[in-house]
Structures are given as structure tokens and as C-alpha cells.
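Residue numbers (our numbering): 6 to 602.
Glycine included, every Cβ here is placed at the ideal spot set by N, Cα and C.
Please read all numbers here as calculations on a predicted model, not as lab measurements.
Before any comments, here is the structure.
This is how it looks when you write it as C-alpha cells:
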């Protein structure tokens with residue numbers, strides 16, 4: 006089975022000489038394998054394409070993808086948008102009383118699958134020119150858990166509510182203040198309790214268009230859970246939220262299954278996915294080309310399979326290397342390393358907010374993770390180090406060091422494509438072979454070079470910004486929430502890339518991050534911010550990873566353990582045996598079962 010996909014955003018048939026058609030061996034032999042008759046874009050006929058790959062290499066805009074797949078997948082096509090477009094194989098099966106987690110790379114069909122389950126897209130089974138009716142769809146899924154699901158959907162007996170991925174678009178659709186919106190959708194009489202749990206009382210009288218991303222996310226989740234429905238779909242519910250808010254949201258979603266509701270959730274934070282899911286389906290394939298959905302697995306087994314990159318039940322390897330975590334916290338003895346920057350007590354006050362920094366230092370080769378709730382002063386601290394904010398009083402030594410800063414919020418203001426942006430910003434480094442091997446390829450930036458900066462998605466813009474930050478020659482790198490908008494693999498690849506650059510250049514880094522798994526993957530030491538969000542924040546000198554995580558998790562009343570196979574941190578269920586035992590001995594941070602024994 007062969008798939009040919011054309012990326013129309015990259016394809017520029019008016020600016021090329023139709024190399025895909027001119028160099029195709031089958032066209033030269035007289036076959037109409039690549040045609041331009043009915044469209045300005047080429048049409049590649051998959052069943053007569055030889056799969057030689059010449060058109061891929063000859064296309065000047067890298068707009069063509071040809072993939073060979075097992076023939077047996079041909080009977081599992083669930084949806085295709087148009088000719089030479091993305092193809093989705095299989096669908097997740099929602100089950101009452103459980104949370105089904107969906108994990109996989111961006112662009113492999115997770116959001117499309119949710120749109121199908123929400124009833125916004127009717128699956129066409131790959132027949133986009135003459136879409137099947139409901140009777141054909143039901144017959145196609147006969148014998149599976151999706152048959153009764155689509156039968157009820159066809160009879161309009163199924164009520165589905167869907168929390169979308171991009172909550173920042175909500176103000177364009179819904180108007181008014183938060184309280185009025187929640188009153189309208191409160192079909193279960195839970196809005197008031199949810200407002201208290203998710204700490205929304207202070208924004209009830211605010212208009213939707215003035216809310217921050219985190220506030221919009223919590224409002225959207227509240228609105229969805231307050232609705233009375235059979236199926237609840239959540240697309241990336243942890244985006245914009247700090248770790249405190251993520252766990253509260255996870256608990257709210259988990260409560261739905263106590264009422265035998267059906268819940269499906271897309272999530273890139275592995276710790277949160279592990280905490281809220283009962284089983285998971287893995288999405289794999291080539292982003293933007295095709296996506297295949299695995300059969301359901303238990304949450305522990307499914308996440309470990311995803312990290313390992315191999316599906317044993319399908320004998321399918323979808324990633325060449327497995328992802329593993331260091332088994333023990335990194336030692337905190339940095340006394341022998343050179344101090345890059347040493348700072349004493351610093352204070353900064355704004356209208357209604359004050360930040361107190363009680364000193365610290367960072368050494369060459371060290372990555373210090375910064376943890377704490379939103380609105381506690383983490384970004385303010387990083388901006389002080391970057392020289393963008395002047396503190397009210399400061400004691401900083403080695404202040405003549407070079408600093409490279411990636412901000413939290415990225416706005417594309419450059420006119421031109423990504424290649425031009427890199428050439429203008431870090432031209433000499435951009436051409437260096439080490440930069441191509443250590444930054445460009447791991448972050449997948451080479452695939453974005455011909456795209457206009459102002460057309461990039463949030464995740465693409467994030468990776469470009471990280472690449473620019475790491476490309477600057479500096480002693481100290483400051484990265485504020487580098488995992489935002491990224492999928493699991495991209496988050497861990499970004500963490501690995503940052504770590505490698507810091508070690509290679511003998512530099513240092515501060516990384517603000519809410520994803521515990523990503524923070525554990527990258528950090529050598531931690532600075533934990535405390536206080537009252539929006540009112541006051543304080544932070545003490547960096548401490549080793551284990552003690553830092555212990556202090557942080559203790560304040561949240563949450564314990565983590567290590568998975569014995571992958572070494573990844575896993576959240577213990579509240580009041581479980583492990584949770585109680587770890588709290589009794591004061592170890593909140595990922596001890597293994599062997600350590601218990």
C-alpha cells in the first residue's frame with residue numbers, strides 16, 4: 006500500500022518547472038502518474054506510483070511525501086480529507102466509566118480523531134469523493150465498540166461535549182463575562198463548585214477577551230464539565246497551566262468517570278496523562294502524512310511502549326531509539342565547577358506584587374530548573390537576569406556575561422521565511438556543521454526553512470525560538486516554558502538538545518518549566534518559587550534535584566515514584582498505598598518499589 010501526500014502550503018507550482026512530473030519514470034513511460042489537468046497542484050496517482058522517491062528529491066520545496074505501508078492497513082482507513090492528503094487509520098474506542106488517553110506526535114491525527122468522535126467530522130473511510138452514509142459507516146465498524154457509538158450518533162441520541170485544543174480562540178466565538186457564560190452551560194449545577202476548585206472566583210466578572218491563556222483554559226474546562234453529556238472530549242487540557250492547576254484539572258476530569266461518563270483526553274504531559282488515564286491509545290506515523298492508532302493498552306504499558314518506540318502486539322517499530330530517564334537524581338556537587346553568575350538578595354515590586362530573591366549561583370555545565378505556580382514571579386526573575394527588568398535592589402557578580410533569552414510569549418514579527426530569520430539573527434552559527442547536527446536536525450527546523458514566519462503554528466514557532474536562543478553565543482541561556490505547544494517527543498528532544506548545548510559549550514541555563522517529566526529530564530538543580538500568586542513570590546538558592554522536588558511536591562501533597570522499566574516519574578494516586586508510605590517517610594520524589602522493599 007502506497008500513500009502520496011502533497012503539502013499544499015509548501016507546493017508552489019507557479020514558481021517551479023513541475024519537476025515532480027518531468028522526472029517521474031512512470032510519466033516518461035507514458036503513465037499518467039503525475040498530472041496537472043484539473044488543478045494547479047499536481048495529482049499523484051498512488052496505485053500506479055512506483056515509489057521510487059525521485060519526485061521527493063527533485064521537488065524544490067520538499068512538498069511531496071511518499072510512504073509505503075503494510076497492505077493490511079488498507080482496510081483500516083477511517084478518514085482522508087482529499088486527494089493526496091493526510092490519511093487516518095483506525096479510531097480510538099470510547100468506553101463508559103474510563104478515561105481513554107491519546108498520545109502521539111503532533112500532526113498524526115489526534116485532533117482529527119476527537120473531531121470525529123465529537124460528530125463534527127463524519128468519517129469517510131477514505132472515500133472523500135463520495136462519502137459513505139451512516140449505514141455504511143456503521144457496517145464498516147460492525148463488531149467493534151464503535152458500532153453502537155456511531156449508531157447512537159446517527160440517531161442523534163449521543164450528547165458529546167468537546168474542549169478544543171486552541172482555547173485562545175474562544176473569545177472570538179463566545180462574548181460576555183465569565184459568570185454569564187458558566188450560568189448558561191451549568192446543566193449539572195456544578196459550576197460554583199468547579200469555580201472554587203479551579204480558582205476562578207477572581208475572574209467571574211471579567212470579559213472573556215481579557216483573560217490569559219491559563220484562565221481561558223480553566224474556564225473552558227469548567228464549561229465542559231458543567232454540561233450534562235454522555236461523552237466528554239478534552240484536547241490538551243493542561244496547556245497554559247502550572248503544575249498545581251494541572252493536577253486540579255486532572256482530578257476534575259477523573260471525577261467524571263465516577264458517574265460512568267465516557268472521557269477521551271489528548272495530553273502531552275506524561276505525568277498528567279498517567280495520572281488521569283485508565284488506558285491509552287498510541288498515535289504513530291509521519292506527521293502531516295498519515296496516522297495510525299494502536300489498540301488500547303493499560304496506561305503504564307501504553308506510555309512505556311510509546312517511550313520504547315515499539316508496539317509488540319503489532320510488531321511495529323515507529324521510532325528508531327527508545328526514550329529513557331536517568332534512574333537517580335543528578336548529584337548536586339557543583340563546587341568544583343566555575344561559577345558563571347552569583348546573585349545575592351534581590352527585590353522587585355510592581356503594583357500589587359512583590360518578588361524576593363534570596364541569592365544563589367549557577368555553574369558552568371549546570372541546568373537549573375525553575376518551578377512554581379503561575380503569577381509567582383518566575384518570568385520576572387528570568388527577565389531580571391536577562392537585563393530586561395531592573396530590580397529595586399540587587400547584588401549580582403559576573404554581570405558582564407553574555408545572555409541569550411527565549412521569552413514565554415512569542416509573537417512573530419519578522420517578515421520573511423524561517424531561513425531568512427536564522428541568517429539575519431545568527432548567520433555564521435546557522436551555517437556551522439555542529440549547529441545543523443546538534444540543533445537544527447533534532448528540533449526538525451530544516452523542515453520549516455521555506456515557511457513564512459508569520460504562518461508558523463505555536464509549536465513550530467516555539468522550536469524556531471529555541472533554535473535561535475541556542476544559536477547565540479552566550480554564557481547563560483534563559484528559556485521560559487520551552488515545552489509549550491510541543492508534543493511529548495518534541496519536549497524530550499528539546500530537553501536533550503538544551504542539555505547537550507550546555508555541556509558542549511560549558512555554559513549554564515535557567516529553564517522555567519511546568520512539565521514535571523520534562524523538568525526531571527533536563528534539570529541538575531532546582532529553584533522552587535513559593536508565596537501567593539499575584540501577590541508575593543519568594544525563592545531561595547538552588548538545591549539538588551531530589552530535595553528540590555521533595556519540597557515542591559510536598560507543598561502540593563503529591564508523591565511521585567520511578568517506573569522500573571523506563572525510569573520516568575509517575576504520579577501516585579492520592580491515598581494509594583505508595584502515596585501513604587512515601588508521605589510517611591518524607592520521600593515525595595520518585596523512589597522505586599525496590600526502595601520501598
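By the Cβ test, the segment 548-566 is in contact with the segment 523-534, since at least three Cβ pairs between them sit closer than 8 Å. No residue range can be given for residue 6, since it is assigned to no beta strand (DSSP E) and is classified by DSSP as neither H nor E. DSSP, read as helix, strand or coil, puts residue 507 in helix. Secondary structure of residue 535 (DSSP, three-state): strand. Under the DSSP assignment, residue 353 falls outside any alpha helix (DSSP H), being part of the beta strand (DSSP E) whose first and last residues are 344-355. With the rule of 3 Cβ pairs closer than 8 Å, the segment 221-237 does not count as touching the segment 49-67. Judged by DSSP in its simplified three-state form, residue 438 adopts helix. Per the C-alpha coordinates, the member of 146, 415, 133 positioned closest to residue 490 is 415. Between residue 358 and residue 540 a beta carbon distance of about 6 Å is seen, short of the 8 Å cut, so the two are scored as contacting.
The segment 86-163 contains, as complete beta strand (DSSP E) runs of 3+ residues, the segments 92-94, 104-109 (chain order). Short of 6 Å from the beta carbon of residue 519, and not among the five residues preceding or following it, lie these beta carbons of its own chain, in chain order: 247, 248.
Excluding the 5 residues flanking it on each side, residue 498 has same chain C-beta neighbours closer than 7 Å at 447, 448, in chain order.
Using a Cβ distance threshold of 7 Å, residue 585 and residue 575 do not count as a contacting pair. Every beta strand (DSSP E) of 3 residues or more that sits fully in the segment 571-595 is shown, in chain order, as 574-576.
If you compare the alpha carbons of 306, 291, 286, 270 with that of residue 300, the shortest gap goes to 286. DSSP places residue 250 within a helical segment (H, G or I) once states are collapsed to three. Under the Cβ criterion (8 Å, minimum of three pairs), the segment 254-270 does not count as touching the segment 288-305. Contact annotation: residue 500 and residue 407 have beta-carbon atoms that are not nearer than 7 Å.
The C-alpha of residue 525 lies about 32 Å from the C-alpha of residue 174. Taking the C-beta atoms as reference points, residue 515 is found no nearer than 7 Å to residue 389. Closest in C-alpha terms to residue 368, from the list 98, 140, 507, 63, comes 507. Under the rule that a run must span 4 or more residues, the alpha helix (DSSP H) segments found entirely inside the segment 206-256 read 218-231. Shortest Cα-Cα distance from residue 321 to any of 536, 581, 78, 32 involves 78. For the pair residue 206 and residue 473, the Cα-to-Cα distance works out to about 39 Å. For residue 165, the enclosing beta strand (DSSP E) starts and ends at 165-168. When DSSP states are grouped into helix, strand and coil, residue 71 belongs to the strand group. Only residues of its own chain outside the window of five on either side were considered, and among them 175, 176, 179, 180, 181, 182, 183, 186, 221, 224 have a CB closer than 8 Å to the CB of residue 213, listed in chain order.
Residue 282 has its alpha-carbon roughly 12 Å from the corresponding atom of residue 100. With a threshold of 16 other beta carbon atoms within 10 Å, residue 279 meets it and is buried. For the pair residue 265 and residue 102, the CB atoms are nearer than the 7 Å cut-off. Under the three-pair Cβ rule at 8 Å, the segment 190-209 does not count as touching the segment 113-131.
A straight line joining the alpha-carbon of residue 112 with that of residue 386 spans about 35 Å. Secondary structure at residue 393: coil, using DSSP grouped into helix, strand and coil.
In the DSSP assignment, residue 376 falls within the beta strand (DSSP E) that extends over 372-376. In this structure residue 118 is not in contact with residue 143, their Cβ atoms being roughly 18 Å apart against a cut-off of 8 Å.
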